[in-house]
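Have a look at the structure below, then the notes.
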Amino acid sequence: MFREVSSKINFVQLEEDILRFWKEQGIFDESIKIRKEGPHYAFYEGPPTANGSPGVHHVLSRLYKDAVCRYKTMKGYHVPRKAGWDTHGLPVELEVENSLALTSKAQIEEYGVARFNDRCRQSAFKYIKEWEAMTERLGCWLDMEHPYITLDNSYIESCWWITKQLWEKGLIYQGYKVTPHCARCGTSLSSHEVALGYRDDAEDPSVYIKFRVEPSPISETAKQKRLYELSGGKATYLLAWTTTPWTLPGNTALAVAPDADYAVVKVDDGYLILADALLEQAGLSGYKVVKEVKGSDLAGVHYEPLYNNIDIRYVKGDEKAYRVIEGDFVSLEEGTGIVHIAPAYGEIDFEVGERENLPLVHTVELNGTVTTNLVTGFTPKAREYIQRSEAPVTLRPARGKLDLPGAGKFVKDADKDIIDNLKSRGLLFRSERITHTYPFCWRCQSPLLYYAKQTWYIRTTGVKKELISGNAEINWYPDYIKHGRFGDWLEHNVDWAFSRERYWGTPLNIWCCEACGTSEFPTYECVGSLDELRAQSNLSGLTAALDLHRPYVDEITFACPKCGGRMQRVPEVIDCWFDSGAMPVAQWHYPFENEDKFTQNFPADFICEAVDQTRGWFYSLHSISTLLFNRPCFKNVICLGHVVDAQGEKMSKSKGNVIDPRAVINNYGADALRWYMLVSTPGEDNHRFSTKMLEETIRKFFLTLWNTYSFFSLYANIDCFIPQPLTVDSDQPKAFTELDRWIISELNRLVSEVSKLMDGYNPTSAARRIEGFVDNLSNWYVRRNRRRFWKSENDADKLAAYTTLYRCLVTLCQLLAPFVPFIAEELYQNLCRAVDPRARESVHLTDFPVADQAEINDRLNSNVELAMKISSLGRAARAKAGIKVRQPLGKAVVNVGAEGEKKALESLATEVMEEINVKQLVILGEAKEGEESRCHPDMPDYSVANDAKYWVAVSIELPPELIAEGVSRELVRHLQNMRRNAKFDITDHIITYYQTKEPCIKQVINAFADYIKQETLSQELINGLPPDGTYGEKHRIANGEVSLAIKQANAKQTS
RNA sequence: GGGCCAUUAGCUCAGUUGGUUAGAGCACGGUCCUGAUAAGACCGGGGUCUGUGGUUCGAAUCCACAAUGGCCCA
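First residue of the first sequence: 24, per the working numbering; consecutive thereafter.
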């Protein structure tokens, strides 16, 4: 016997029971254990940053991962799923800073790095609990008891090993480059962090600065002379434009577009030079142009520095600074066509500086204030030269007093002082304010400064070719990411700035000796493991209670192998993206242990995250793997879209449109959430989340499925059906009807399609096919076959129907298991475990169904489709004539147009006749020669409906015998409703009483007595007053009134 | 400023390599069916398939440009 299934169902309660069952029985572990001998399927969990409560957008990737891994498990693969947590990084630090009301690095250090990092550690774990609870409740199976955690010493040690490998390959270097720098946080931001903080409405100065051309031809070039002669001794200025006045003291060159035309314009106090095309924008269109020159004519011209007391150190072969250079980046759409170059404060500026051997001048401190000292810069050539020089050279920049305007102020505040100062010196042509796009720190809202400083780099450009060729081996879903977003990113690869001047992160494992060599180029040691560290001579600071984090690691020093001085760790920590990208190695503490596990799980068969990870985790995984092993570390990757709200807007705390997944699960259940998110939108698109649509999903899919299941178990119990291995082709083939064969054919087709789609990493399409099948099963197969389940004989036909429906439901619950694991389990427990003690304990331990191709009958599938179509047209024809479906009609004429279709329909004629309630079906095939065209049927006494291909005409003649039959069905329907209203059991036999003055109704009851009794389980139809205690209703049928009453035939026994 | 993706009914989405009259669900109005159904069926209103050009006998589909939105990058 099957457990009784209520048609009303509380999915939330059901899921909690099943969760308990899984836990108690250890089903997840078992599902992995039983596949131990199967082929291995490696899955990498992208570690969530545990710096906040999980949102509904985190649910999406979790359940995609779960669906795929469950599917593969059922397909026989061994799929361990190790959880992981990303615990380091700025986001965690920020959270702690906020809670402690700290606002600067100085305050953190005052608070104490040890205490601060301790807080960070706690903060990371606090959120992990919430994530675990959500993951479990969602039914996502993940080994959260043995996760990898990026803050573990063992994890850090593996990261150190990786760094050492790269160090030895010469792929790590310290570069002096321009990076987006947050002066408040005191660190560089990675490119993806910068992307978080662009603002379109940033207000900044827009200033036009006059750079005076050298009045005397100190450089004896012809160009210089010509300009000098032209001015007739009067001052000539190169007009440049900038929105960052604070960078002007760092200026060492001006750039022009070589092919552009430049005008020399006469103004009151001399001449201005700027691009022709920008005269009007600069407000100079009314002035006289005295000469036109090409940009290339200006190249090499020298001008006076804005601040003439800057001490620049040149070496042999260096060209002087403060000259005009050519640049292909010079815009002729804004500014003046003359670009101010400050190599310390712009990426392009820096590149130009390297190319042109320009000095790099710093006038701003790392905390963002204008310096009170002067810092001398060096060109790349100067650095090389000094490095090679045998004579010791003091490389520390000479610091001398320099009174810059706004000294000591934050640069954005100093802008005004600089502008005022230039104005007072007559070097300001124009000054206003504009709004434009500018990056701000996503954490603290400070404006970012592009700032040249020393940062540790991984030379990813050194393996660019390998990155690209490795990408070719990866299957991307959707595929366009491969050559689009990701491929593009690889094509434009730049070296990875992977150090952070922060506190809470994997410490960079490089030690530095300040004693030997010069202070600018000291001896470095990269330590690749704890053993290596312990083996250093004269080691100190390594304590028993090992914590590799700052500040403890900073205390570890050892003797310099070259000079015996102290080696001190560099202050930086490693970018947390490096942590997560290291997980293929570090999750196993490879190579220090678990070599077998590492090998078995490398590369991953499958990873899945949202699209923003193309530049995040997908990239850090791919680059580290390529650097280390010269091959990609994942084969298949699903790239998901983002979850947005019902209006398509991004969910954010500030908008208040964030949805808490726990609330959704508690209201609707995890399965509903899972199915809705998988089915509603293809993975790569943005997912609009609306609880209204989720409710619809429950009604449309879950309740339909549930009721089919409850229908089956209800009748199967009544008939004591015991599932037997009876198939369409076996023991009693004749008992199976066309519709049985059809639904089994559809079932096999479904199995085949779902497998294929899942193999192609497309759960959405797979789930949509299942939805289609459930609709067919419920609204065609079950509806058409109800009578076979109701009838009283327990014959082969009935058994065939049960067997068919049972098989559909069992197969369905297995197909559903990867998507909606709870309801699938419920079905399985009742349909399989309840009747077969040898069955596996859980649906998730069973094998995924395999389609039997022999049972797929495409012709049958299209035949039934045709029958559905014709039935639909038949109903339309009836509706046109206004005749209820309950009223039988004499004849329907159907035109299908082709002989094949005629035969097809003939084989299903009974179904169509019952469906549209006609006594006879005339099917017209292909029009024979000489026959009239059947395109426009115009048949008297018929009602016709048609579509492009077919038409159906139903006879609207109503002879008395048909009316009588209609009345009988009317009576049956009322009695059935009364049974239900009276809350009788479905199997109760009844006695029916009726009273009517209408002779025709009496006649009908007499003529159709057997039919009415059979349909309503009436033992007797008694014409007369009902006794007390019966349930009665009055109805109008065919313009006559009839009083009906019913009572249970064996009422005493049932109560 | 650049790249990728999207734009189909009021809403959410289908629409195979170009090929009859562009579909489904929800919502709305009407009718019907029903002892599995918070279900279902039929009819109806609702579409310049974002726009403009182009290729073609034929374009929602291919191409170009533009607009809007999302994501990524500057």
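Glycine included, every Cβ here is placed at the ideal spot set by N, Cα and C.
Taking a 10 Å sphere around the C-beta of D502, we find fewer than 16 other C-beta atoms and assign the residue as exposed.
Note that the segment 1045 to 1058 touches the segment 1004 to 1021; at least 3 beta-carbon pairs, one per stretch, sit closer than 8 angstroms.
Classified as buried, P530 has 16 or more neighbouring CB atoms from the shown chains inside 10 Å of its CB. Per DSSP, Q197 is one residue of the beta strand (DSSP E) stretching across I195 to C205.
Around the beta carbon of H515, a 10 Å sphere encloses fewer than 16 other beta carbons of the protein chains shown; the residue is thus reported as exposed. When C-beta atoms of the segment 794 to 809 are compared with those of the segment 961 to 971, fewer than three pairs fall below 8 angstroms, so the two segments do not count as touching. Excluding sequence positions up to five before and after K105, its CB lies within less than 7 angstroms of the CB of E68, D166, H169, P170, Y171 and Q610, all in the same chain and listed in chain order. The DSSP-derived three-state label of A693 is helix. Residue nearest to A686 within the set A147, L161 and T72 is L161 (criterion: CA-CA distance). DSSP, read as helix, strand or coil, puts Y973 in coil.
Around R456, the same chain offers E226, D227, P228 and S229 as residues with beta carbons nearer than 8 angstroms, after the five sequence neighbours per side are excluded. Within the DSSP bridge table, the entry for R638 names no partner.
By the C-beta criterion, the segment 101 to 121 is judged not to be in contact with the segment 185 to 195, since fewer than 3 inter-stretch pairs fall below 8 angstroms. Rounded to whole angstroms, the gap between the alpha carbons of E377 and P272 is 19 angstroms.
In the DSSP assignment, R557 falls outside any beta strand (DSSP E) and lies within the alpha helix (DSSP H) extending over L553 to R557.
By the criterion of a C-beta distance shorter than 6 angstroms, P428 is surrounded in its chain by D440, I441 and N444, once the five residues flanking it on both sides are discounted. DSSP, reduced to helix, strand and coil, places Q591 within a strand of the structure shown. Where E1056 is concerned, the enclosing beta strand (DSSP E) starts and stops at Y1054 to I1060. E315 sits in a strand when the DSSP states are folded into three classes. In the displayed model, E707 falls within coil according to three-state DSSP, outside both helix and strand. For H997, the enclosing alpha helix (DSSP H) stretches over residues P983 to N1004. Look at the beta carbons and you see the segment 124 to 144 touching the segment 563 to 583: at least three pairs across the two are nearer than 8 angstroms. Taken through DSSP and simplified to helix, strand or coil, F581 comes out as strand. Following the DSSP letters along the chain, one finds T386 inside the beta strand (DSSP E) bounded by residues H385 to V387. Scanning H111, C163 and Q130 for the CA closest to the CA of L42 turns up C163. If only uninterrupted beta strand (DSSP E) runs of at least 3 residues are considered, those enclosed by the segment 886 to 963 are 912 to 918 and 941 to 947. In the displayed model, P1022 falls within a helix according to three-state DSSP.
Every unbroken stretch of the alpha helix (DSSP H) spanning 4 or more residues and falling wholly within the segment 461 to 528 is given here in chain order: 487 to 494 and 510 to 514. Check the Cα spacing between I371 and each of C855, Y474 and L451: the tightest is with Y474. Annotation for R346: no alpha helix (DSSP H) segment contains it, though the beta strand (DSSP E) segment containing it runs R346 to E349.
The segment 769 to 784 and the segment 871 to 886 touch, with no fewer than 3 CB-CB distances between them shorter than 8 angstroms. Of all C-beta pairs linking the segment 902 to 919 to the segment 862 to 877, fewer than three are shorter than 8 angstroms, placing the two stretches out of contact. S603 carries a helical assignment under DSSP once its states are collapsed to helix, strand and coil. In this structure, E1056 is the residue among E1056, Y1034, H385 and K435 with its C-alpha nearest to the C-alpha of N1000. Within a 10 Å sphere around the beta-carbon of E303 sit fewer than 16 other beta-carbons, which makes this residue exposed.
Judged by DSSP secondary structure, P844 falls within the alpha helix (DSSP H) whose first and last residues are P844 to Y851.
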